Every structure is written in C-alpha cells, then in structure tokens.
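Below is one structure, written out as structure tokens, with a few remarks after it.
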Amino acid sequence: MKNKPEFFLIVCGLSAVCLIILASSPLALLAFSNNDTAAAVGLPAYQESFPAESNYTLPNDAVDAYYLNENPEYLPAGNKPVYDVFTVTERQHQGLALGLPPVTPYYGTKVVYLTFDDGPDLENTPPILDILKKHNIKATFFVVGSQIEKHPEILRRIYQEGHAIGNHSYNHVYRELYQSANSYVSQLRHTDEIIKQVTGVRSRISRAPGGSAGSFTKEYWETLSRLGYVEIGWNISSGDASREKAGQIMRNIASQMESKHLWSHAIVLMHDGRGHSETVKALPAIIKFYQDRHFEFRVVNFETPPPW
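According to this note's numbering, the sequence shown holds residues 1 to 308 in order.
What follows is the structure, given as structure tokens:
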C-alpha cells in the first residue's frame with residue numbers, strides 16, 4: 001500500500017507528458033479532433049473532396065478508337081480514329097477546353113489515306129465498306145448531315161467497323177455554307193449533333209465542301225482553331241467528281257503518285273455519294289496499287305499532316 005502514492009504520481013506524470021505532446025503536434029491534434037477544434041488553433045479544416053461532376057461516358061458500343069477526355073493535355077498518337085464524347089455546346093456549358101494541344105504530324109516513308117466524301121449513300125457506301133473489310137483496310141468518311149438523317153444505319157456501320165468519321169457540313173450547299181465563318185461552323189455543329197445521336201460521339205475532323213481554297217478567309221481558320229476543329233484537305237484527286245470511268249480514276253491517281261514528295265502523306269480524295277458507282281468499281285484496283293508498292297494505310301486523325 002505504500003507504493004500507491006508513488007504509482008499515482010507516475011501515472012499523473014505520464015498523463016502530463018501526453019498532453020504536452022498533443023498540444024505541440026498539429027498532426028496528433030487533428031487525429032483526435034474535429035474541424036471546429038482545428039479551426040480554433042489556426043489549422044485548416046479538412047474538407048472531403050469529390051471529383052467535379054462530369055457527363056463523360058463512353059458509348060455502349062465503343063470501338064477501337066481514341067476518345068478525348070474533358071480537358072486533354074496531349075493528343076493521342078497512332079493509326080486510330082479520334083472521337084469526342086462532348087459537342088462544342090456541351091464543352092461550352094461545362095467550361096471544358098475547346099481548343100486542342102499541338103501534335104507532331106506523322107510523315108512515314110509510304111503512307112496513304114483513303115478518304116470518301118458526301119455520304120453516307122445507300123447505293124455506294126455499303127459496297128465500299130464491303131471492299132475495305134475484305135482487304136482489312138480502314139478509311140475515312142467525310143459525311144454530310146442531311147445524308148446521315150436519311151441513312152443513320154450506314155453511319156453506324158462506318159463507326160462500328162473502325163473507320164474514321166469526318167464532318168463535311170450539313171447540306172453541302174456552297175451559297176449557304178460560305179456566307180461567313182459563323183455560317184460554316186454552324187453547319188459543322190449541326191452535323192456534330194446528328195453524328196452523336198447515331199454513334200454517341202462526334203468527330204473533331206472536318207473537310208470543307210469544294211475545299212478551303214477560295215472559300216476560307218483568316219476568320220474561318222481562326223474560328224475552327226478556337227472551337228477545336230482540325231480541317232483536312234487532300235493532295236491526290238481521283239477525278240471521280242467529274243464522273244470519270246473506273247479505269248480513268250485509277251490512272252488519275254497513279255499519275256499524281258509519280259510526285260514522290262507526296263508519298264509520305266498521300267491523301268486521296270474520292271466520293272461515295274450518289275452517282276459515284278465508278279468509284280466503287282475502281283476501289284479494288286486502287287487498293288492493289290498501294291499494296292503492291294507497300295504503302296501503309298492510315299485513317300485521318302490529329303497526326304495527319306497538312307496536304308501541302
């Protein structure tokens with residue numbers, strides 16, 4: 001019993017030491033206190049943080065492609081289509097990035113991009129897709145909004161089979177398209193909405209009907225850049241817009257390919273719109289021409305170089 005006072009004194013001493021440690025250690029204090037206690041001693045209160053609300057969801061039938069996130073800090077590389085789950089309007093409403101970071105263009109030794117404008121078309125696009133599938137080749141389709149409304153199932157097939165989709169305006173009517181930069185972009189944004197209704201995503205690649213030369217001013221280019229569109233022209237014309245026969249279409253392409261400076265990024269313009277059945281007939285020979293010369297087939301994306 002004589003040891004009890006000594007034991008009591010030891011316990012009191014240890015308690016005092018613990019209190020001193022707690023008072024002098026912010027981390028220990030926070031571990032045993034609430035936000036009010038922390039604030040009372042001048043420490044920042046802990047706030048539980050949650051990620052910002054976002055509507056970023058992939059489509060149910062997502063394909064082997066790159067999908068842009070909310071605010072991309074870099075752009076994907078490789079031979080894949082690139083899609084955005086947000087439209088321009090959705091990005092604006094959510095305060096997300098519109099413009100795109102710079103990307104290094106891809107220049108290979110022998111590279112070809114097969115591109116088709118003005119579809120989707122019920123007569124020509126499906127057989128073109130059949131030919132591409134047979135040869136295991138991916139191409140790029142610059143689609144028109146009013147045509148998608150007529151044949152949404154064909155656009156869905158283009159997407160699901162791994163081809164790239166580009167925006168080629170809503171109605172392809174020059175007098176309406178080229179009234180101003182705003183008129184042009186308005187049609188792109190309308191077509192964006194239609195593409196997204198069908199596929200769940202939209203393209204950031206566009207091509208001006210008739211080409212940008214003679215139609216675009218500086219304002220067009222600045223507006224496209226600000227909104228995050230990448231305009232892609234061509235440097236090899238098949239001549240199928242002039243209703244050439246299949247044999248002549250092939251000869252047109254072959255003669256232009258004699259310019260070897262285009263071999264690193266040959267962007268071939270063809271059409272799958274109404275009245276272009278000769279393009280369908282010429283396509284197997286065009287594919288063989290490039291295969292025999294060991295060209296790499298690529299889809300148009302952010303890495304595709306400017307045509308000239």
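Every residue gets a Cβ at the ideal spot worked out from N, C-alpha and C, and that includes glycine. Because the structure is a prediction, the values reported are computed rather than measured.
Just the C-alpha distance for L269 and Y184, rounded to the nearest angstrom, thanks. 21 Å
Tell me the DSSP secondary structure of S186 in three-state form. Correct three-state label for S186: helix.
Could you tell me if S238 is buried or exposed, where buried requires 16 or more neighbouring beta carbons within 10 angstroms of its beta carbon? Answer is buried; the Cβ neighbour count reaches 16.
According to DSSP, is S206 part of a helix, a strand, or is it coil? Reduced to three states, the DSSP call for S206 is strand.
I want to know whether the stretch 81 to 92 touches the stretch 272 to 291 - three or more CB-CB distances under 8 Å. With a cut-off of 8 Å, the stretch 272 to 291 and the stretch 81 to 92 do not count as touching, because too few Cβ pairs lie within range.
Can you look up H93 in the DSSP assignment and give me helix, strand or coil? helix
Per DSSP, which residues does L269 bridge with? Please list them. T115, S237
Meets three-Cβ-pair contact criterion under 8 Å: the stretch 203 to 211 and the stretch 167 to 180: yes
May I ask you to report which of helix, strand or coil DSSP gives V82? strand
By Cβ distance, which residues of its chain are closer than 7 Å to V111, with the 5 residues on each side in sequence left out? Within the same chain, Cβ atoms closer than 7 Å to the Cβ of V111 are found at S264, H265, A266, F295, E296, R298, the five residues on either side in sequence being excluded.
Tell me whether E231 is buried or exposed, calling it buried when 16 or more other Cβ atoms sit within 10 Å of its Cβ. buried
For G186 and L224, I'd like the C-alpha separation in whole angstroms. Note on residue identity: the sequence assigns Ser, not Gly, to residue 186. S186 and L224: Cα-Cα distance of roughly 11 Å.
Would the beta-carbon of V63 fall within 8 Å of that of G166? no
Buried or exposed: Q197, going by 16 or more other Cβ atoms within 10 Å of its Cβ? exposed
So, helix, strand or coil for Y309, using DSSP? A question about residue 309 goes unanswered here, because the residues of the chain that appear run from 1 up to 308.
Are the Cβ atoms of P272 and Q160 separated by less than 8 Å? Sequence inspection shows Asp at residue 272; the Pro mentioned does not correspond to that position. Not in contact: D272 and Q160 (Cβ atoms no closer than 8 Å).
Please look up how many angstroms separate the CB atoms of L309 and Y229, rounded, as I've assumed it's under 8 Å. Given that the chain is displayed from residue 1 to residue 308, the structure contains no residue 309 and the question cannot be resolved.
CB contact flag (V143, L155, <8 Å): yes
P120 to I158 span [Cα, whole Å]: 9 Å
Secondary structure of Y74, DSSP reduced to three states: coil
Measure the C-alpha to C-alpha separation of S146 and N171 and round it to an integer number of angstroms. 6 Å
I need the straight-line Cα distance from A241 to K288, nearest angstrom please. 22 Å
With H, G and I counted as helix, E and B as strand and the rest as coil, what does DSSP make of V201? Here V201 carries a coil assignment [DSSP, helix/strand/coil].
Tell me whether L30 sits in a helix, a strand or coil according to DSSP, three-state version. Here the model assigns L30 a pLDDT of 32, short of 50, so the residue's position is not dependable and the matter cannot be decided.
Helix, strand or coil at Y290 [DSSP, three-state]: helix
Grouping DSSP H, G and I as helix and E and B as strand, with all else coil, what is A181? helix
P305 to N235 span [Cα, whole Å]: CA-CA distance, P305 to N235, rounds to 11 Å.
If you run the structure through DSSP and keep just helix, strand and coil, what is A254? A254 falls in the helix class under three-state DSSP.
Cα-Cα, which of Y106, P101, N69 is closest to Q94? Ranked by how close their Cα comes to the Cα of Q94, the residues Y106, P101, N69 have N69 in first place.
Can you name the start and end residues of the alpha helix (DSSP H) that L129 belongs to? 125 to 134
Which residue from G214, T57, P59, Y67 puts its Cα closest to that of F302? Y67
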